[in-house]
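Asker: Here the protein sequences line up with chains A and B, keeping their order.
This note's numbering puts the first residue of the first sequence at 1, with every later residue one more than the last.
This note's numbering puts the first residue of the second sequence at 335, with every later residue one more than the last.
Okay, here's the structure, questions in a sec.
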Amino acid sequence: MTQRTPNKTDIGLSDLLIALADLPWQTEAHKKAIFHALGFAWQDSKPDAIDSSSPRQIFDRNRYQQRPSIKSVSNTPPGFSPPPPPPVPIELPQLILNSQLKVLDAVPEEAPEWLNQDNVLLADEKPQVKAARANLFPNLTHRGILSAALRVQKRGKDVDIPRLIKHVTKGQIPKIVPTHTAVTLERGCQLLLDYSDSMVPFWEDLTALADQVQNVLGKERVKIYEFDQDPTAGQCWDNPLAAEPWRTDDTRPVLVASDLGINGGRVRWPVGATWRRFIVLCSQKQIPLIVLIPWRSAYWPEIHSSHPIMVHWNPHTTATMIKKRVGAGHQIQS
Amino acid sequence: MPTEMTYIPKHFKLPPNNALPRTGNIEPYVFNDNIAIAVDIALATGRPLLVAGAPGSGKSRLAEAMATLLEWNYLHTTMTSRTRLEDLTADYDHLLRMHDAQTRSKEEGMKPDWAYLKPGIFWWVFNCATASVRGGTAEEAEKHNAALDYPGLPTQVEANRNKTVLLIDEIDKAEPDLPNDLLEPLDRYRFTRPDGKQVDAVKDLEILTIITTNRERELPAAFMRRCVGLVLEAPDVDKLVNIAEHHFPKPKDADAFSKLTRAVADKTISLQEQANSLNRRPPSTSEFLDALKTCDKLKIDVEHEAWQLIEQSILIKDLSDKNDATNAE
Numbered sequence: 001m002t003q004r005t006p007n008k009t010d011i012g013l014s015d016l017l018i019a020l021a022d023l024p025w026q027t028e029a030h031k032k033a034i035f036h037a038l039g040f041a042w043q044d045s046k047p048d049a050i051d052s053s054s055p056r057q058i059f060d061r062n063r064y065q066q067r068p069s070i071k072s073v074s075n076t077p078p079g080f081s082p083p084p085p086p087p088v089p090i091e092l093p094q095l096i097l098n099s100q101l102k103v104l105d106a107v108p109e110e111a112p113e114w115l116n117q118d119n120v121l122l123a124d125e126k127p128q129v130k131a132a133r134a135n136l137f138p139n140l141t142h143r144g145i146l147s148a149a150l151r152v153q154k155r156g157k158d159v160d161i162p163r164l165i166k167h168v169t170k171g172q173i174p175k176i177v178p179t180h181t182a183v184t185l186e187r188g189c190q191l192l193l194d195y196s197d198s199m200v201p202f203w204e205d206l207t208a209l210a211d212q213v214q215n216v217l218g219k220e221r222v223k224i225y226e227f228d229q230d231p232t233a234g235q236c237w238d239n240p241l242a243a244e245p246w247r248t249d250d251t252r253p254v255l256v257a258s259d260l261g262i263n264g265g266r267v268r269w270p271v272g273a274t275w276r277r278f279i280v281l282c283s284q285k286q287i288p289l290i291v292l293i294p295w296r297s298a299y300w301p302e303i304h305s306s307h308p309i310m311v312h313w314n315p316h317t318t319a320t321m322i323k324k325r326v327g328a329g330h331q332i333q334s
Numbered sequence: 335m336p337t338e339m340t341y342i343p344k345h346f347k348l349p350p351n352n353a354l355p356r357t358g359n360i361e362p363y364v365f366n367d368n369i370a371i372a373v374d375i376a377l378a379t380g381r382p383l384l385v386a387g388a389p390g391s392g393k394s395r396l397a398e399a400m401a402t403l404l405e406w407n408y409l410h411t412t413m414t415s416r417t418r419l420e421d422l423t424a425d426y427d428h429l430l431r432m433h434d435a436q437t438r439s440k441e442e443g444m445k446p447d448w449a450y451l452k453p454g455i456f457w458w459v460f461n462c463a464t465a466s467v468r469g470g471t472a473e474e475a476e477k478h479n480a481a482l483d484y485p486g487l488p489t490q491v492e493a494n495r496n497k498t499v500l501l502i503d504e505i506d507k508a509e510p511d512l513p514n515d516l517l518e519p520l521d522r523y524r525f526t527r528p529d530g531k532q533v534d535a536v537k538d539l540e541i542l543t544i545i546t547t548n549r550e551r552e553l554p555a556a557f558m559r560r561c562v563g564l565v566l567e568a569p570d571v572d573k574l575v576n577i578a579e580h581h582f583p584k585p586k587d588a589d590a591f592s593k594l595t596r597a598v599a600d601k602t603i604s605l606q607e608q609a610n611s612l613n614r615r616p617p618s619t620s621e622f623l624d625a626l627k628t629c630d631k632l633k634i635d636v637e638h639e640a641w642q643l644i645e646q647s648i649l650i651k652d653l654s655d656k657n658d659a660t661n662a663e
């Protein structure tokens with residue numbers, strides 16, 4: 001029944017073969033369910049058959065001779081490579097094609113019915129598949145980056161043996177068994193998203209970031225606030241009928257995605273008064289603050305504070321870079 | 335009413351009418367094609383089965399039902415944000431050790447280190463015999479009062495002694511790295527104890543590992559690629575009625591109960607649609623069964639004014655939600 005195969009890796013074609021060969025599936029729906037359960041997509045489209053006997057075929061491949069192969073130059077001295085050969089010209093068939101054109105009837109005075117109909121996708125047309133959008137934190141690395149940025153310290157379960165021994169050797173029994181510090185994401189975070197005009201090019205990235213943070217921390221652990229230029233005026237729309245303002249009594253880490261009003265300008269001005277107020281508030285309340293900026297550090301405004309952790313919101317940012325800034329996790333008041 | 339199924343599994347036998355009746359403390363469970371196929375694949379390939387669905391949709395109950403159907407051992411653990419891999423494999427009880435160091439007399443002496451090992455769920459699954467004596471011998475375990483009882487439901491079939499259904503519940507509640515930590519015990523059927531010794535599974539071991547997730551958090555891709563997937567969709571009105579019939583097979587007044595069941599099922603589906611449109615958590619199958627049980631006990635139908643209170647307490651579970659639902663109409 002269950003096959004003990006140690007060192008198993010990802011589910012692959014062998015698992016699919018086992019399932020298809022071993023299980024008594026009968027219908028297409030069963031087959032589709034097997035594919036889906038193992039994480040494979042099921043496509044039921046068949047490739048179009050080429051009808052080579054059709055007289056309407058424009059180009060007859062059977063009459064075209066094979067292209068001559070390109071031979072490499074063998075007498076070149078070492079260290080030199082010949083220039084690439086020119087492309088072989090395509091030989092066109094020596095055919096005069098019969099015209100397929102028909103003489104049209106006179107144009108009717110009344111417009112045809114189809115002219116005013118809605119455009120519909122024809123049954124045999126395949127819808128265009130849009131290319132997937134790349135996120136500023138790629139799917140492969142966003143878990144590590146966000147975990148490093150948002151983890152907080154907590155009391156761990158692993159006993160700190162050296163500290164315990166120290167107590168015992170002194171003849172003291174500690175009231176609490178000393179343990180190593182652990183890190184956790186269970187506290188969640190507050191996510192502040194800047195929807196001001198200067199962030200318009202990044203609005204889709206803001207939505208994607210919200211999804212990524214919720215996927216890593218859990219939807220119920222993330223409170224999302226939206227603001228326009230002033231982060232202290234951020235509002236949460238969990239209840240679509242009543243906005244909840246951002247408050248400082250929530251001491252969970254704050255992750256802000258904003259351009260800080262840079263708007264692509266190269267002059268490094270000091271950060272604006274609204275941002276200064278926000279940073280000071282977070283610093284006074286000891287709220288960890290991480291700011292994701294879609295522009296590189298050369299564009300960042302001057303912030304005369306060590307409190308916010310500024311991160312370039314970019315595919316080249318790594319979890320290691322974040323860990324160097326955050327250290328062993330944020331310390332927050334419980 | 336039997337559930338319509340077209341798939342007949344190879345590696346286990348479906349119950350009559352495709353629904354497991356109430357068996358002791360095990361609640362009834364209604365199977366469908368998707369569930370049967372996914373479980374059959376998991377048994378055929380030896381892969382863990384990752385079951386996703388809304389809370390109350392029957393994910394955890396599937397493990398109990400399969401253990402009952404297969405007549406295998408049943409072990410379960412529920413993950414929390416504090417769960418570590420050592421909790422599931424083996425860890426030392428440092429507190430007890432320190433307590434014994436302070437309280438045991440010289441004549442009694444300290445117990446050996448292995449006597450302070452706490453076998454986790456994987457140890458019990460891989461090798462129940464050594465887990466029960468914490469890796470020592472039976473005589474030593476008896477001497478040091480270190481023997482342990484089986485923490486799950488053992489099978490009553492001798493031939494199935496080394497066959498276990500293991501439920502790892504709510505894996506999305508654990509810290510994000512933990513699912514990847516589980517790959518070694520799940521893939522290789524072994525792990526390393528804190529003292530460095532390895533625990534290997536017995537040779538004729540068979541496991542059906544069922545892992546549940548509420549999808550509140552994304553799981554690592556490396557973990558997902560090793561699991562067979564099953565999503566339990568919310569049932570429609572007819573399926574809710576079918577489920578209720580199996581949970582309440584012999585009502586006193588069958589006609590009246592049947593009408594009540596359909597009315598409550600209609601209400602539940604309507605509330606689910608409202609909740610989804612407001613991006614709230616929709617009422618689950620278990621909540622529907624709770625509401626039905628309450629209506630039957632209190633002799634109330636959906637037109638009764640007390641139903642409004644029932645909706646609020648059982649199905650909506652939030653005072654503000656009801657006002658929002660009403661205002662949104």
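Glycine included, C-beta positions come from ideal geometry on N, C-alpha and C.
If the cut is a Cβ gap below 8 Å, which residues of chain B does residue 143 of chain A touch?
Answerer: 510, 552 and 554
Asker: With DSSP run on the structure shown, which of helix, strand or coil describes residue 365 of chain B?
Answerer: Residue 365 of chain B carries a coil assignment under DSSP once its states are collapsed to helix, strand and coil.
Asker: Let me know the beta strand (DSSP E) ranges lying completely inside the stretch 187 to 241 of chain A, each 3 residues or longer, listed in chain order.
Answerer: 189 to 194 and 222 to 227
Asker: Closer than 9 Å, Cβ to any Cβ of chain A: which residues of the stretch 416 to 431 of chain B, in chain order?
Answerer: 416, 418, 420, 421, 425, 426, 428 and 429
Asker: Can a CB atom of chain B be found closer than 8 Å to the CB of residue 150 of chain A?
Answerer: no
Asker: By the criterion of Cβ-Cβ separation under 7 Å, what are the contact partners of residue 34 of chain A in chain B?
Answerer: For residue 34 of chain A, the neighbours in chain B by C-beta distance under 7 Å run, in chain order, 371 and 375.
Asker: Which same chain residues, not among the five before or five after residue 325 of chain A, have their C-beta less than 8 Å away from its C-beta?
Answerer: Result list for residue 325 of chain A: 309 and 311, in chain order.
Asker: With 8 Å as the threshold, decide whether the Cβ of residue 368 of chain B is near any Cβ in chain A.
Answerer: yes
Asker: Might you give, ordered along the chain, the residues of its own chain that have their beta carbon closer than 6 Å to the beta carbon of residue 623 of chain B, omitting 5 neighbours on each side?
Answerer: 581
Asker: Along the chain, where does the beta strand (DSSP E) containing residue 576 of chain B start, and where does it finish?
Answerer: Segment 571 to 581 is the alpha helix (DSSP H) holding residue 576 of chain B; no beta strand (DSSP E) there.
Asker: If you drop the 5 nearest sequence neighbours on each side, which residues of the same chain put their C-beta closer than 6 Å to that of residue 515 of chain B?
Answerer: 419
Asker: For residue 340 of chain B, does the count of other Cβ atoms within 10 angstroms reach 16, so buried, or fall short, so exposed?
Answerer: exposed
Asker: Do residue 38 of chain A and residue 363 of chain A count as a contact pair if the criterion is CB distance below 8 Å?
Answerer: Because residue 363 of chain A is not part of the residues shown, which for chain A are 1 to 334, the question remains open.
Asker: Is it buried or exposed for residue 443 of chain B, if we count other Cβ within 10 angstroms and need 16 for buried?
Answerer: exposed
Asker: Could you tell me which residues DSSP pairs with residue 525 of chain B in its beta bridges?
Answerer: B/533
Asker: What are the boundary residues of the beta strand (DSSP E) that residue 410 of chain B is part of?
Answerer: 407 to 412
Asker: Measuring straight from C-alpha to C-alpha, what distance separates residue 621 of chain B and residue 583 of chain B?
Answerer: 18 Å
Asker: Please indicate yes or no: does the CB of residue 548 of chain B lie closer than 7 Å to some heavy atom of the ligand GTP?
Answerer: Because no ligand of any kind appears in the structure shown, any question about the ligand GTP cannot be addressed here.
Asker: Can you tell me which of A/315, A/287, A/236 and A/228 puts its alpha carbon nearest to the alpha carbon of residue 274 of chain A?
Answerer: A/228
Asker: Could you tell me whether any Cβ in chain A is nearer than 8 Å to the Cβ of residue 436 of chain B?
Answerer: yes
Asker: Reducing DSSP to helix, strand and coil, say where residue 600 of chain B ends up.
Answerer: Residue 600 of chain B falls in the helix class under three-state DSSP.
Asker: Give a yes or no on whether 8 Å exceeds the smallest Cβ distance from residue 70 of chain A to chain B.
Answerer: Reliability of the predicted coordinates at residue 70 of chain A is poor, the pLDDT of 44 falling under 50, and the value obtained from them is presented with this limitation in mind. No, no contact with chain B.
Asker: Helix, strand or coil for residue 484 of chain B, going by three-state DSSP, please let me know.
Answerer: coil
Asker: Report yes or no: do three or more beta-carbon pairs, one from the stretch 189 to 205 of chain A and one from the stretch 535 to 551 of chain B, lie closer than 8 Å?
Answerer: no
Asker: Under a CB-based cut-off of 8 Å, is residue 176 of chain A close to chain B?
Answerer: no
Asker: So, with DSSP's three-state summary, where would you put residue 71 of chain A?
Answerer: Residue placement at residue 71 of chain A cannot be trusted, given a pLDDT of 45 that sits under 50; what the coordinates show is reported in the next sentence. Three-state DSSP puts residue 71 of chain A in coil, outside helix and strand.
Asker: Only counting runs of 3 or more residues, tell me where the beta strand (DSSP E) segments fall wholly within the stretch 342 to 407 of chain B, in order along the chain.
Answerer: Secondary structure in the stretch 342 to 407 of chain B: the beta strand (DSSP E) runs of 3 residues or longer, each lying completely within the stretch, are 383 to 387 in chain order.
Asker: Determine, for residue 210 of chain A, whether the minimum Cβ-Cβ distance to residues of chain B falls below 8 Å.
Answerer: No, residue 210 of chain A lies away from the interface with chain B (no Cβ there is under 8 Å from its Cβ).
Asker: Would DSSP call residue 169 of chain A helix, strand or coil?
Answerer: helix
Asker: Can you confirm whether the stretch 599 to 611 of chain B touches the stretch 545 to 565 of chain B when touching is taken to mean that 3 or more C-beta pairs between the two stretches lie within less than 8 Å?
Answerer: no
Asker: Just the C-alpha distance for residue 208 of chain A and residue 497 of chain B, rounded to the nearest angstrom, thanks.
Answerer: 44 Å
Asker: Does residue 167 of chain A get closer than 8 Å to chain B when you measure Cβ to Cβ?
Answerer: It does not: the Cβ of residue 167 of chain A has no partner Cβ on chain B nearer than 8 Å.
Asker: Which one or two residues does DSSP pair with residue 179 of chain A in a beta bridge?
Answerer: According to DSSP, residue 179 of chain A bridges with A/159.
Asker: Kindly indicate which three-state DSSP category residue 606 of chain B falls into: helix, strand or coil?
Answerer: Look at residue 606 of chain B here: in three-state DSSP terms it is helix.
Asker: Is there a Cβ of chain A sitting closer than 8 Å to that of residue 559 of chain B, yes or no?
Answerer: Taking Cβ atoms only, chain A reaches closer than 8 Å to residue 559 of chain B, which makes this a yes.
Asker: Please list the partners that residue 378 of chain B has in chain A, where partner means a Cβ-to-Cβ separation under 7 Å.
Answerer: 18, 19, 22 and 23
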